[in-house]
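Residue numbers (the working numbering), protein chains in the order written: chain A, 408 to 802; chain B, 408 to 802; chain C, 408 to 802; chain D, 408 to 802. A virtual CB, placed ideally from N, CA and C, is assigned to each residue, including glycine. Quantities reported herein were computed from a predicted structural model and do not represent experimental measurements.
Protein chains: 4
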Amino acid sequence: FPIFQEKHEMPVTATLADRLLSTRSHSEALCQPLQTEDYVVQPIEDVSPPKWHLGHTTWFFEEFVLKPFVPGYSVFHEDYAFVFNSYYESLGERVIRANRGNLSRPSVQGVYKYRRHVTEKLMEFLEGEVPAEACDLVEVGIHHEQQHQELLLTDIKYILGNNPLLPAYSDCGPEEFPKLGAAEWITVPGGHYDIGHRGEGFCFDNELGRHQVLLGDFEIASLPVTNRDMLDFIADGGYRRFDLWHAEGWDWVNREGIRAPLYWHERDGQWQYYTLKGLQPVDPEAPLAHISFYEAYALAEWKGFRLPTEFEWEAAQEAFGWGNRWEWTGSAYLPYPGYRKAPGALGEYNGKFMVSQHVLRGASVATPHGHSRPTYRNFFHPHLRWQYTGLRLAR
Amino acid sequence: FPIFQEKHEMPVTATLADRLLSTRSHSEALCQPLQTEDYVVQPIEDVSPPKWHLGHTTWFFEEFVLKPFVPGYSVFHEDYAFVFNSYYESLGERVIRANRGNLSRPSVQGVYKYRRHVTEKLMEFLEGEVPAEACDLVEVGIHHEQQHQELLLTDIKYILGNNPLLPAYSDCGPEEFPKLGAAEWITVPGGHYDIGHRGEGFCFDNELGRHQVLLGDFEIASLPVTNRDMLDFIADGGYRRFDLWHAEGWDWVNREGIRAPLYWHERDGQWQYYTLKGLQPVDPEAPLAHISFYEAYALAEWKGFRLPTEFEWEAAQEAFGWGNRWEWTGSAYLPYPGYRKAPGALGEYNGKFMVSQHVLRGASVATPHGHSRPTYRNFFHPHLRWQYTGLRLAR
Amino acid sequence: FPIFQEKHEMPVTATLADRLLSTRSHSEALCQPLQTEDYVVQPIEDVSPPKWHLGHTTWFFEEFVLKPFVPGYSVFHEDYAFVFNSYYESLGERVIRANRGNLSRPSVQGVYKYRRHVTEKLMEFLEGEVPAEACDLVEVGIHHEQQHQELLLTDIKYILGNNPLLPAYSDCGPEEFPKLGAAEWITVPGGHYDIGHRGEGFCFDNELGRHQVLLGDFEIASLPVTNRDMLDFIADGGYRRFDLWHAEGWDWVNREGIRAPLYWHERDGQWQYYTLKGLQPVDPEAPLAHISFYEAYALAEWKGFRLPTEFEWEAAQEAFGWGNRWEWTGSAYLPYPGYRKAPGALGEYNGKFMVSQHVLRGASVATPHGHSRPTYRNFFHPHLRWQYTGLRLAR
Amino acid sequence: FPIFQEKHEMPVTATLADRLLSTRSHSEALCQPLQTEDYVVQPIEDVSPPKWHLGHTTWFFEEFVLKPFVPGYSVFHEDYAFVFNSYYESLGERVIRANRGNLSRPSVQGVYKYRRHVTEKLMEFLEGEVPAEACDLVEVGIHHEQQHQELLLTDIKYILGNNPLLPAYSDCGPEEFPKLGAAEWITVPGGHYDIGHRGEGFCFDNELGRHQVLLGDFEIASLPVTNRDMLDFIADGGYRRFDLWHAEGWDWVNREGIRAPLYWHERDGQWQYYTLKGLQPVDPEAPLAHISFYEAYALAEWKGFRLPTEFEWEAAQEAFGWGNRWEWTGSAYLPYPGYRKAPGALGEYNGKFMVSQHVLRGASVATPHGHSRPTYRNFFHPHLRWQYTGLRLAR
Ligand SMILES: [Fe+3]
Ligand SMILES: [Fe+3]
Ligand SMILES: [Fe+3]
Ligand SMILES: [Fe+3]
């Protein structure tokens with residue numbers, strides 16, 4: 408089963424066409440273990456059907472590359488823009504997000520046919536002389552599809568992990584559980600630090616506007632928080648102590664009846680954890696995953712420490728390993744100084760979400776190879792936890 | 408395509424085993440035109456995934472026949488009772504109805520395997536000496552599966568008819584549209600009429616308790632209301648005149664933005680109707696379908712007439728043809744005199760729904776052959792209209 | 408404290424003007440024990456602020472009598488129709504029911520001023536020569552105000568009884584608790600019974616259309632069910648036994664966390680009951696009150712009996728005492744044969760509610776003297792229980 | 408009518424007791440124009456009944472000063488803690504916020520009695536020797552009551568301004584409308600700025616942790632945005648152009664049907680604005696008020712500028728006048744470096760709200776004299792707009 412080895416095989420110097428093809432087939436490889444039925448369902452609004460991800464990433468290329476740059480290109484199916492547009496208001500009406508799981512058609516086969524068609528047209532297009540703007544858009548499309556690859560995997564986990572039969576996704580899925588030793592405090596001196604993307608490589612617009620920030624002295628943990636801390640937090644009644652929580656978090660805990668991270672099941676007094684390989688005992692040495700910002704905050708409070716800001720994280724990140732869990736930071740998702748939205752539909756990519764969300768830094772076991780970087784800004788609403796989300800302490 | 412011919416082929420004198428087998432395969436034949444994805448989705452709570460119907464009707468036989476009567480029978484899969492129990496509280500926990508569409512597993516293939524297994528065990532069982540009580544339960548199971556066959560078809564129609572691609576179910580589906588001529592008034596003299604099931608044949612418990620009712624003189628239409636009346640009602644602003652509606656119906660119209668029957672689409676000033684063969688112009692001669700009780704009442708008000716009671720319908724039914732549309736009556740669904748629920752789980756079949764619903768009489772194009780009879784009492788909440796529901800006028 | 412004696416003082420032969428004046432002042436007498444703040448709040452949608460009842464019953468006379476029949480009458484305040492119209496769609500826009508408790512103005516004093524103004528104009532009008540139609544409308548207005556007097560008292564009970572301070576309404580409120588002895592079965596022979604209003608006296612349109620019904624033999628209890636039965640039902644786990652409930656009722660019990668009648672509080676293992684005089688121990692001999700139709704049905708199931716139909720109740724009512732509790736019947740609220748709505752706004756009075764509700768017969772301690780009669784049809788949705796609702800068994 | 412003159416009369420050097428008494432009577436003076444009914448209602452969850460504010464600010468003193476520091480003090484009424492606790496989880500159960508408007512009792516008179524009792528006990532207490540900690544708590548109580556004075560006025564505006572009669576609060580309310588001329592850009596050089604409270608005076612814990620921030624060069628408007636800009640924004644279709652809005656803001660606009668600021672009414676093509684003096688034409692020269700963060704952001708987008716951060720605002724504030732409107736900033740409400748919650752119930756004052764809210768700076772016409780300062784951090788959820796909220800542009 409070759410899904411996750413593959414990520415190391417594509418050299419950075421690969422051509423755009425090579426990287427496109429590799430990205431396109433990686434999405435399909437991720438779906439290889441699925442049964443047709445798994446492609447269709449949407450158990451909660453935040454989780455999209457795998458079929459939809461496959462179609463939507465394809466539509467993105469059709470809409471932003473083939474339609475504007477390939478003379479005479481006619482769309483594969485005129486209704487697909489309606490079905491597979493995610494949220495681009497500039498591009499017309501769309502299926503409401505909560506209804507994606509109501510659509511049995513287009514069929515899975517139909518979507519694969521759509522993918523092949525668009526991939527082929529793109530490859531043909533890239534064989535010719537390609538304007539720089541189009542190259543940039545293909546690049547955006549690749550990174551866009553990589554983002555959806557992570558969602559694909561976390562959505563699959565949600566679909567299977569909330570099925571009463573708890574079926575495994577694969578015997579050799581991506582969830583390795585490194586045994587983490589004891590974390591140490593890394594001391595970072597205060598001063599001026601440069602924040603934001605630098606250099607030639609690809610980045611999203613929300614990373615641009617490199618600027619200096621002034622930080623005070625701080626310490627940051629060398630390792631993320633492990634399940635051991637969560638087990639102790641639970642044992643100490645952490646989910647029942649309002650003083651550890653934000654008011655909003657406390658409401659969430661009570662309204663939703665939360666008493667453990669997502670995918671944790673108590674069976675005969677033992678905590679089990681649903682992984683892509685099926686149910687397994689919670690490993691105290693493994694990094695904690697699937698917690699909301701509220702839980703990250705409460706856990707840090709309980710430990711007597713705090714979350715780092717996204718600037719502290721970026722300033723310190725060379726000094727520690729990261730990439731196994733997205734790490735909640737104490738920073739709200741806001742524009743960097745001088746941020747301006749791109750014109751047109753791509754301007755809707757990031758900017759319009761810059762309110763009411765929190766920044767996560769790092770990457771996770773589900774992030775495609777080469778998709779993250781030290782300046783990458785991931786963001787989610789504070790109650791969400793179906794991504795591989797954890798935390799790192801600071802003080 | 409043999410689905411709907413089949414219904415005429417089974418003689419009444421067929422053995423129980425023959426009828427069981429025929430019923431079991433008819434459910435599967437109904438699903439033959441589906442793609443795997445169509446089996447899975449649940450666009451609204453009332454509509455169940457076809458896969459679920461196939462599994463649930465199977466579980467019913469396993470639970471009520473195989474488990475109690477076949478010594479040493481072990482269930483096909485221990486979690487299936489949880490997945491496929493519909494509402495029998497006596498039989499333990501179950502998947503909440505609204506969540507049926509979140510389940511990608513068991514797969515369609517898995518469900519067919521389950522069906523084959525249970526059908527085979529039932530056939531083996533029926534080859535031996537079968538206690539009378541078990542025969543009765545097989546009989547109930549057959550009628551139960553027939554009820555679900557109708558739901559299967561109406562749920563499939565909803566799934567496909569609410570897909571933005573509006574795919575057809577089949578080129579030769581069951582929706583024929585007889586051209587109805589002008590209805591005539593049939594005069595029925597007042598007096599005593601016997602109501603309720605008589606004789607040896609199968610019926611549900613809600614038809615029992617045959618009793619006399621006293622009716623006044625009345626007239627009832629020889630034909631159901633056609634689309635022509637609905638077109639006129641719409642043209643006359645019927646959906647915007649509160650005086651024609653129940654208060655509850657008027658709230659429903661406004662809250663849901665109702666302005667035509669279900670499956671009606673206005674395209675370029677013309678009314679189109681989604682049928683199992685795809686979108687077609689509304690045929691003014693065809694019997695009206697897919698209306699709620701509220702709409703039936705408002706339409707009758709607008710015509711200056713009324714709905715018949717279920718007793719009037721039953722008393723008069725020999726004088727007119729019926730079977731194309733379920734006909735809303737003016738009667739609430741209540742127990743007949745002397746009605747007692749059966750003991751045990753089967754007691755949950757009908758009795759516990761006898762509040763807040765209205766009775767429909769007759770049958771529809773989607774009702775399996777032999778499933779209806781003059782005393783049959785169908786019932787739905789007044790806002791529902793995804794069945795083939797129409798009305799017949801009285802005065 | 409003269410509120411409830413007063414009801415016996417008005418002889419049937421009193422003039423219309425006398426009865427009008429008496430009715431108007433009775434509404435005000437009912438509010439005498441209130442503090443200004445009590446007039447304003449609306450803890451749930453079904454409960455209206457007392458101030459609103461006082462204004463609405465006044466608006467009714469202004470709208471249906473003064474405006475059409477008094478030449479040159481100009482309305483007291485042009486916005487009051489908007490504020491005090493309840494549901495008459497024919498009469499224009501209105502405050503949405505759920506928002507009545509948001510209105511601090513018009514003030515209580517303003518409403519009393521409005522009442523005085525309208526009452527005076529009505530009295531002047533009745534001194535002159537009054538067309539028969541206007542007399543009828545004054546009559547309707549009196550009965551309308553009497554209906555609201557009952558709601559006034561039950562809404563006041565809800566407002567005070569859901570306040571954490573549990574204040575008493577009055578030391579000598581209307582809730583007497585007769586000690587009921589053991590009920591006996593009254594045998595009623597089957598046959599033809601006349602149902603519906605007869606004679607000259609006032610009745611609502613839903614009682615008209617006197618007609619014969621055919622009833623079987625039945626027995627009906629001489630007394631309503633007492634608190635003792637409810638105490639036993641609770642002790643026997645009645646609220647946790649799904650087999651006793653309608654499916655809809657069982658959902659209601661679980662969704663709302665119902666475990667006793669409304670106003671019952673368990674304190675130190677004893678059941679207390681909030682009355683208009685304050686909290687008191689539940690008296691096992693007193694007739695049960697404040698239960699929903701679902702609870703009435705479940706309690707009857709548990710006793711092994713059933714609710715009478717409204718026809719059985721009417722046929723038998725001379726043989727037993729009634730009037731202390733509204734008695735849930737097994738009948739849905741539907742039109743009598745030949746029922747037609749009145750033209751105009753008054754046509755909205757009853758007819759548009761004839762769906763999804765159940766009939767109650769009798770009267771209650773809160774019903775104004777002379778307001779009920781054997782053919783009176785009260786109706787509520789099956790989950791409501793803030794009226795003085797109980798039940799009588801049949802078999 | 409002396410309410411708003413009073414604010415200039417209390418010299419800074421007044422004793423604690425003087426200031427306490429002055430604060431207590433100011434709350435009552437604010438309510439002087441109310442009718443009893445106005446004290447009771449709660450039209451939306453965010454708006455509390457005036458009666459509740461009067462009781463809650465009193466309870467705060469009783470709970471945090473009298474109970475711990477006055478030997479033998481017994482509470483005025485044992486149920487008041489339940490009724491008047493706002494959100495202090497450490498202090499036990501409380502009335503759910505949404506239900507405050509359901510409580511007709513304690514009566515307004517009862518609450519005034521409660522106020523007098525507690526104020527007297529406090530004054531007696533302050534005559535003796537008072538521990539420093541108690542002084543601090545009285546100080547907190549004064550500032551707490553001042554915060555509620557602003558809410559009292561904005562809640563009263565909401566209660567009256569959403570009444571269909573649109574009654575005025577007072578002929579000489581606090582809403583003056585200065586004629587603003589043309590704004591100018593104030594240039595602020597980048598560099599290090601000190602942020603946070605300094606010195607001896609009172610501040611809330613969220614202002615502490617004075618620290619340096621590094622800002623780039625920026626310009627900030629000398630005046631807040633006026634109604635003229637909003638009128639132009641509306642005329643230009645600003646409420647219908649999704650590209651100007653956050654995704655969340657756009658959902659809000661569509662879900663709530665927003666098309667103008669709160670309290671704006673279009674009458675015969677003219678925009679009217681409900682003020683505390685009643686309905687008045689929108690004055691184009693007056694500072695814009697009653698907008699959400701979403702609207703502030705969209706308006707700034709439409710102008711081609713942006714909101715200042717709270718740090719830019721604080722760094723620049725000496726160069727411009729402020730105090731007429733709370734000004735939305737681009738900053739999320741987050742803790743300053745080193746922020747720790749106070750121990751005990753007071754720790755719930757600010758810290759637990761530091762998620763999902765945005766910071767406003769300045770003060771408004773409704774802010775009590777002496778309650779604001781350049782480091783004051785006000786905060787609200789982005790959709791709220793019943794405060795006097797406006798914006799100032801930056802670039
Ligand atoms: Fe996307
Ligand atoms: Fe079933
Ligand atoms: Fe009324
Ligand atoms: Fe407070």
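heavy atom of ligand 2 below 7 angstroms from residue i C-beta
{"i": "residue 463 of chain B", "result": "yes"}
{"i": "residue 778 of chain B", "result": "no"}
{"i": "residue 497 of chain B", "result": "no"}
{"i": "residue 493 of chain B", "result": "yes"}
Listed by chain order, chain D residues near residue i by CB distance under 9 angstroms
{"i": "residue 491 of chain C", "result": "The premise fails here: residue 491 of chain C is roughly 11 angstroms from chain D at the closest Cβ pair, so nothing lies under 9 angstroms."}
Best match in the options for proximity to residue i [C-alpha to C-alpha]
{"i": "residue 453 of chain A", "options": "A:699, A:562 and A:605", "result": "A:562"}
{"i": "residue 623 of chain D", "options": "D:609, D:596 and D:535", "result": "D:596"}
{"i": "residue 574 of chain C", "options": "C:752, C:496, C:612 and C:440", "result": "C:440"}
{"i": "residue 556 of chain D", "options": "D:684, D:463 and D:696", "result": "D:463"}
{"i": "residue 481 of chain A", "options": "A:608, A:525 and A:455", "result": "A:525"}
{"i": "residue 796 of chain A", "options": "A:730, A:600 and A:657", "result": "A:730"}
{"i": "residue 579 of chain A", "options": "A:683, A:457, A:793 and A:470", "result": "A:683"}
{"i": "residue 723 of chain D", "options": "D:687, D:688, D:763 and D:769", "result": "D:769"}
{"i": "residue 698 of chain A", "options": "A:472, A:646 and A:744", "result": "A:646"}
{"i": "residue 518 of chain B", "options": "A:485, A:444 and A:761", "result": "A:444"}
Neighbour list for residue i in chain A, Cβ cutoff strictly below 9 angstroms
{"i": "residue 679 of chain B", "result": "Near residue 679 of chain B there are no residues of chain A at all, since even the closest Cβ is about 16 angstroms away, more than 9 angstroms."}
{"i": "residue 759 of chain D", "result": "649, 650, 652, 653, 654, 655, 656 and 657"}
Proximity test, residue i beta-carbon vs ligand 4 heavy atom, cut-off 7 angstroms
{"i": "residue 551 of chain D", "result": "yes"}
Cα-Cα separation between residue i and residue j, rounded to whole angstroms
{"i": "residue 789 of chain D", "j": "residue 654 of chain D", "result": "12 angstroms"}
{"i": "residue 648 of chain B", "j": "residue 639 of chain B", "result": "14 angstroms"}
{"i": "residue 703 of chain D", "j": "residue 717 of chain D", "result": "14 angstroms"}
{"i": "residue 506 of chain B", "j": "residue 457 of chain B", "result": "14 angstroms"}
{"i": "residue 552 of chain B", "j": "residue 547 of chain A", "result": "52 angstroms"}
{"i": "residue 423 of chain B", "j": "residue 466 of chain B", "result": "19 angstroms"}
{"i": "residue 737 of chain D", "j": "residue 502 of chain A", "result": "32 angstroms"}
{"i": "residue 630 of chain A", "j": "residue 600 of chain D", "result": "34 angstroms"}
Neighbour list for residue i in chain A, Cβ cutoff strictly below 8 angstroms
{"i": "residue 554 of chain D", "result": "Chain A residues near residue 554 of chain D: none, gap ~16 angstroms exceeds 8 angstroms."}
{"i": "residue 649 of chain D", "result": "496 and 497"}
Contacts of residue i in chain B (Cβ-Cβ under 7 angstroms)
{"i": "residue 515 of chain A", "result": "444"}
Any non-hydrogen atom of ligand 1 within 7 angstroms of residue i CB
{"i": "residue 555 of chain A", "result": "yes"}
Contacts that residue i makes with chain D (C-beta to C-beta distance below 8 angstroms)
{"i": "residue 486 of chain C", "result": "571 and 572"}
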